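Q:
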Amino acid sequence: MKALASPLVAALVMGLLASPAIAQNTGAENQLDAVIKNGKLRVCTTGDYKPFTFHDKPANNYQGIDIDLAKSLASSLGVEADFVATTWKTLLADFTTGKCDIAMGGISVTLERQKQVFFSEPYLVNGKAPIARCEDEAKFQSIADINKPDVTVIVNPGGTNEKFVREKLSDAKIEIYPDNVTIFRQILDGKADIMIAESVETELQEKLHPGLCAINPEKPLQYGEMGYMLPEGAVVFKAYVDQWLHLAKATGEFDRIYASHVK
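Be aware that the sequence shown starts at 20, since it is given in my numbering, and climbs by one per residue.
The following block contains the structure:
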């Protein structure tokens, strides 16, 4: 029996080492170690989505809730945050080809994205809400009110806003506008009637653009969560990010950062 046990144990050990779970765990440990070894946390971010991420081009610096949180995460690892520019249209491709270690900046957790990446625990419950000129607020109280041929819905390309609009508002006139920073001005100028965005963004843009009103942001048209995008299989790295996020919330750091950009 002893003679048989040794080969059997060896075979079991070899099988375990070759299993996807063990291979993933090893890769995950290497991912976390690589960030620390490189001395920087590469953060993919669009830089066009206040209050989460905004690239001030003249000053060449990034600002926002997730920018400050990225710096906090990097600091906890003893490294520097290195922001890597991306777009909503190229975000998934940039991330899955290894241009960054994590993606941050108001990113919605979706099942389609989940097929290719890991997500951190959600850090914010959000949802899609309309924003329009204040005089039109009463006209756009529901999807049925908006989904009409004589309503022009403006949307930034490549993200979940466009996906929502194409799925839920296909009868409306859809205007694709590439600049997510100046897109709200188009509504004020009468070039579009309405935009669909995350409820927290509509509330901020209402403050930044007098004349625009966020419509029922406390009752979004669609439930949504935001999280941080992580490499698929990065189990140990995800565990670290989740624990950092938990502590940031428990200590009040998250609330302080959030309030500094929203309130």
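For glycine and all other residues, C-beta sits at the position ideal for the given N, C-alpha and C. What you are looking at is a predicted structure, and each value in this text was computed from that prediction instead of being measured.
1. Using the rule of at least 16 other Cβ atoms within 10 Å of the residue's Cβ for burial, across every protein chain shown, is Y81 buried or exposed?
2. Who pairs with Q241 in a beta bridge, going by DSSP?
3. Between I195 and A151, how many whole angstroms is the CB-CB distance? I'm expecting something under 8 Å.
4. Three or more C-beta pairs closer than 8 Å, one from the region 171 to 180 and one from the region 134 to 143: is that the case here?
5. Tell me the residue span of the beta strand (DSSP E) that contains K59.
6. Counting only runs that start and end within the region 70 to 115, where is the alpha helix (DSSP H) found for 4 or more residues in a row?
7. The beta strand (DSSP E) with E194 in it runs from where to where?
8. Give me the residue from K118, I84 and G58 with the minimum Cα distance to P250.
9. State whether the region 226 to 240 contacts the region 132 to 139, with contact taken as three or more CB pairs (one from each stretch) at a distance under 8 Å.
10. Comparing alpha-carbon positions, which option in D190, V98 and T65 lies nearest V54?
11. Do K69 and Q224 have their CB atoms nearer than 9 Å?
12. Considering only their Cβ atoms, is the gap separating L110 from M248 smaller than 9 Å?
13. Between the alpha carbons of D274 and P149, how many angstroms are there, rounded?
14. Roughly how far, in whole angstroms, is the beta-carbon of V128 from the beta-carbon of C63, given that I think they are within contact range, below 8 Å?
15. Check for me: the beta strand (DSSP E) holding I173 runs from which residue to which?
16. Return the bridge partner residues of Y68 from the DSSP annotation.
17. Could you round the C-beta distance between L188 and I165 to whole angstroms and report it? I think they count as a contact, below 8 Å.
18. Under 9 Å, do F114 and T105 count as touching if we go by C-beta distance?
19. Within the continuous beta strand (DSSP E) that includes A216, where are the two ends?
20. Starting from the C-beta of T45, find all residues in its chain whose C-beta is less than 7 Å away, skip the five residues before and the five after it, and write them out in chain order.
21. Just how far apart, CA to CA, sit R61 and I121?
22. Does the separation of the CB atoms of I255 and L51 fall below 9 Å?
23. Nearest-angstrom Cα distance between Y261 and M123?
24. With which residues is C232 paired in a DSSP beta bridge?
25. Just mark L240 as buried or exposed, buried being the case when its beta carbon has 16 or more other beta carbons within 10 Å.
26. What is the residue span of the beta strand (DSSP E) that V255 lies within?
A: With the given structure in hand:
1. buried
2. K147
3. Beta-carbon to beta-carbon, I195 and A151 are separated by about 18 Å, too far to satisfy the 8 Å threshold.
4. No: fewer than three Cβ pairs fall under 8 Å.
5. K59 to T64
6. 84 to 96 and 110 to 115
7. K192 to I195
8. K118
9. no
10. V98
11. yes
12. M248 is a Cβ neighbour of L110, given a cutoff of 9 Å.
13. Rounded to whole angstroms, D274 to P149 spans 25 Å at the Cα level.
14. The pair is not a contact, with the Cβ atoms about 16 Å apart (cut-off 8 Å).
15. T171 to V174
16. T72
17. 6 Å
18. yes
19. Looking at the DSSP string, the run of the beta strand (DSSP E) that includes A216 is I213 to E217.
20. Its pLDDT being 44, under 50, T45 is placed unreliably by the model, and the measurement read from it follows with that caveat. So the list is empty, once near-sequence residues are dropped.
21. 7 Å
22. The identity of residue 255 in the sequence shown is Val, whereas the question assumes Ile. Yes. Within cutoff.
23. Correcting the residue identity first, residue 261 is Asp in this sequence and not Tyr. When rounded, the distance between both Cα atoms is 14 Å.
24. Under DSSP, C232 forms a beta bridge with A151.
25. With 16 or more other Cβ atoms within 10 Å, it is buried.
26. Here V255 belongs to no beta strand (DSSP E); instead the alpha helix (DSSP H) covers V254 to A269.
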